[in-house]
Structures are given as C-alpha cells and as structure tokens.
Amino acid sequence: MNRFIDPAELMAKNSSAADAFEADRRTFLKTGLVAAAALGCWMPDLSFASTGPALKNVGREMRLTNIHTGEKFRGEYWYGGRYLPDAFGEIKSVMRDHRTGERFPIDPRLMDILYVLQHRLSNTNQIDVFSGYRSPKTNAKLRVASHGVATRSLHMSGQAIDIKLPGTQLKNLRQAAIKLNSGGVGYYPSSNFVHVDTGRVRHW
Numbered sequence: 318m319n320r321f322i323d324p325a326e327l328m329a330k331n332s333s334a335a336d337a338f339e340a341d342r343r344t345f346l347k348t349g350l351v352a353a354a355a356l357g358c359w360m361p362d363l364s365f366a367s368t369g370p371a372l373k374n375v376g377r378e379m380r381l382t383n384i385h386t387g388e389k390f391r392g393e394y395w396y397g398g399r400y401l402p403d404a405f406g407e408i409k410s411v412m413r414d415h416r417t418g419e420r421f422p423i424d425p426r427l428m429d430i431l432y433v434l435q436h437r438l439s440n441t442n443q444i445d446v447f448s449g450y451r452s453p454k455t456n457a458k459l460r461v462a463s464h465g466v467a468t469r470s471l472h473m474s475g476q477a478i479d480i481k482l483p484g485t486q487l488k489n490l491r492q493a494a495i496k497l498n499s500g501g502v503g504y505y506p507s508s509n510f511v512h513v514d515t516g517r518v519r520h521w
C-alpha cells in the first residue's frame with residue numbers, strides 16, 4: 318500500500334530551494350493533482366531478490382540526460398527520508414519543454430519509478446530523456462502531427478516522461494515498467510522510447 322506523509326515534512330523551511338519546492342507543490346494543487354500523492358513518500362516495492370532487504374534508508378540517485386539539450390542531472394534526489402528540493406530544481410530544468418523553454422514541477426513519483434526500474438533491470442546507466450514536461454502549446458502542436466498524442470497528456474502536468482535506458486533493450490524496459498504496476502506505460506519502438514507516467518495503471 319502506498320504511504321503518504323505531510324508534504325511539509327519533505328522540505329527544509331528556511332532554504333530558497335525549499336521555497337521553490339513549496340511553490341511547485343502549489344502548482345500541483347492548481348493543476349488538480351492531490352498534493353499528498355504528488356509529494357508524499359510514495360515508493361514502489363524495493364525488495365529485490367538480488368539485493369536482500371528493501372533499500373528504504375539509503376539515498377536514491379538518478380542520472381538523467383536530455384537528448385535535445387544535452388543537459389544532465391547527476392546526484393541524489395532523495396536522502397534521509399525526504400526529497401531534496403535542490404535536486405528537483407535541477408530536474409525541473411533538465412526536463413523542461415525544450416521547444417519553448419518552459420519549466421514545470423515534476424512529480425517526484427516519476428523519479429521513484431525510474432529508480433526502481435533501474436534496480437529491477439540491474440542497469441544504473443544514465444537515462445536518456447526524450448520528453449519530460451510538455452507545455453499546452455507544444456502538446457497541441459504535436460497533436461496536429463500525430464494522433465498518438467493525448468489531448469490531456471500527463472506530460473503537461475509533470476507526470477510523464479519518455480525514456481530510453483542504454484544497455485537495456487526497449488522491449489525489456491517496457492516489460493519491466495508494466496510489471497511495476499505503478500502507472501501508465503507506452504511502447505514506441507519506431508521512436509525508440511518508452512513512455513512512463515504516474516497516472517492510472519494501463520499500458521499500450
């Protein structure tokens with residue numbers, strides 16, 4: 318069962334980074350998301366047969382590269398029982414809409430899903446990001462070009478990411494994401510990426 322805690326416990330009150338994280342929390346509220354779900358200490362099961370006990374008390378590290386801008390994030394995004402505001406400030410920048418430059422708060426659960434996927438696949442290579450946040454303007458433009466783009470895409474609320482994991486076959490990445498049972502999974506072999514989101518469980 319998912320476990321949620323007060324979002325206020327996830328930030329240091331007196332830092333500018335924490336203030337930015339609080340502003341992101343308010344943005345999630347304005348876009349109709351549940352704050353506890355967006356910012357809670359949610360985590361898929363971290364008990365792996367190959368690693369023994371659940372990895373709940375160690376830092377969670379992520380390596381992301383935006384394939385369009387070349388920007389990278391390297392480091393821990395969670396440590397000591399809380400998400401790190403500074404890290405999410407960087408993640409928001411790396412995952413911005415590269416067409417417009419717009420940034421938007423990223424659902425921390427996306428990072429948790431990616432973290433677990435990498436450990437399930439025993440592959441901690443950098444994750445190539447094809448698309449993170451997508452502005453309404455960009456989404457509308459892409460819908461004209463492709464029928465596969467949803468009108469109310471979760472990319473527009475910082476809840477979706479399109480990725481490739483070097484060293485893992487795309488079909489295996491898709492299968493691992495589906496088995497995680499933690500959101501939506503889309504398979505786009507012709508474009509060489511897998512879509513992962515924190516919406517309802519489904520796949521296509």
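Adding 317 to a residue's 1-based position in the sequence shown gives its number in the working numbering.
Note that beta-carbon positions come from the ideal geometry of N, C-alpha and C, so glycine has one too.
Keep in mind it's a predicted model, so treat the numbers as computed, not measured.
Presumed contact (8 Å Cβ cut-off) between Asn-440 and Leu-482, rounded CB distance: 6 Å
Determine the extent of the alpha helix (DSSP H) in which Met-428 is found, giving its start and end residues. 425-437
Quick check on this structure: which residue in Arg-413, Gly-501 and Leu-459 has the alpha carbon closest to the alpha carbon of Leu-471? For the residues Arg-413, Gly-501 and Leu-459, the minimum Cα distance to Leu-471 belongs to Gly-501.
Residue span of the beta strand (DSSP E) that contains Leu-381, given as start and end: Counting along the chain, the unbroken beta strand (DSSP E) around Leu-381 starts and ends at 377-383.
Is the region 433-449 touching the region 406-413 in the sense that three or more CB pairs, one from each, lie closer than 8 Å? Three or more Cβ pairs drawn from the region 406-413 and the region 433-449 lie within less than 8 Å of each other, which places the two stretches in contact.
Anticipated Cβ contact below 8 Å, Val-513 with Ala-494, distance rounded: 5 Å
Under the rule that 16 or more other beta-carbon atoms within 10 Å means buried, what is Asn-489, buried or exposed? exposed
By Cβ distance below 8 Å, which residues in the same chain neighbour Leu-487 in space, the five residues on each side in sequence not counted? Lys-481, Tyr-504, Pro-506, Asn-509, Phe-510 and Val-511
Quick one: Cα of His-520 to Cα of Glu-378, how far? Rounded to whole angstroms, His-520 and Glu-378 show a C-alpha spacing of 26 Å.
Would you mind sorting Gly-475 into buried or exposed? The rule is 16 or more other CB atoms within 10 Å of its CB. buried
Any idea which residues DSSP pairs Ala-477 with across the strands? Asp-514
Rounding to the nearest angstrom, what Cα-Cα distance links Glu-419 and Gly-387 in this structure? 16 Å
In three-state DSSP terms, what is Ile-322? Only weak support is given to the placement of Ile-322: the predicted model assigns it a pLDDT of 35, under 50, and the value that follows is read from those uncertain coordinates. Note: Ile-322 maps to coil in three-state DSSP.
Just to confirm, is the Cβ distance from Ile-478 to Arg-380 under 8 Å? Against a cut-off of 8 Å, the Cβ pair of Arg-380 and Ile-478 comes out as no contact.
Who are the near neighbours of Lys-347 in its chain, counting only those whose CB is closer than 7 Å to its CB and skipping five residues on each side? Unreliable placement is indicated for Lys-347, whose pLDDT of 48 sits below 50; no coordinate value is reported for it.
Residue range of the unbroken beta strand (DSSP E) whose run includes Glu-393: 389-396
What residue ranges within the region 480-505 form continuous alpha helix (DSSP H) runs of no fewer than 4 residues, ordered along the chain? 487-497, all fully within the region 480-505.
Looking at the structure shown, is Val-446 part of a helix, part of a strand, or coil, going by DSSP? Val-446 sits in a strand when the DSSP states are folded into three classes.
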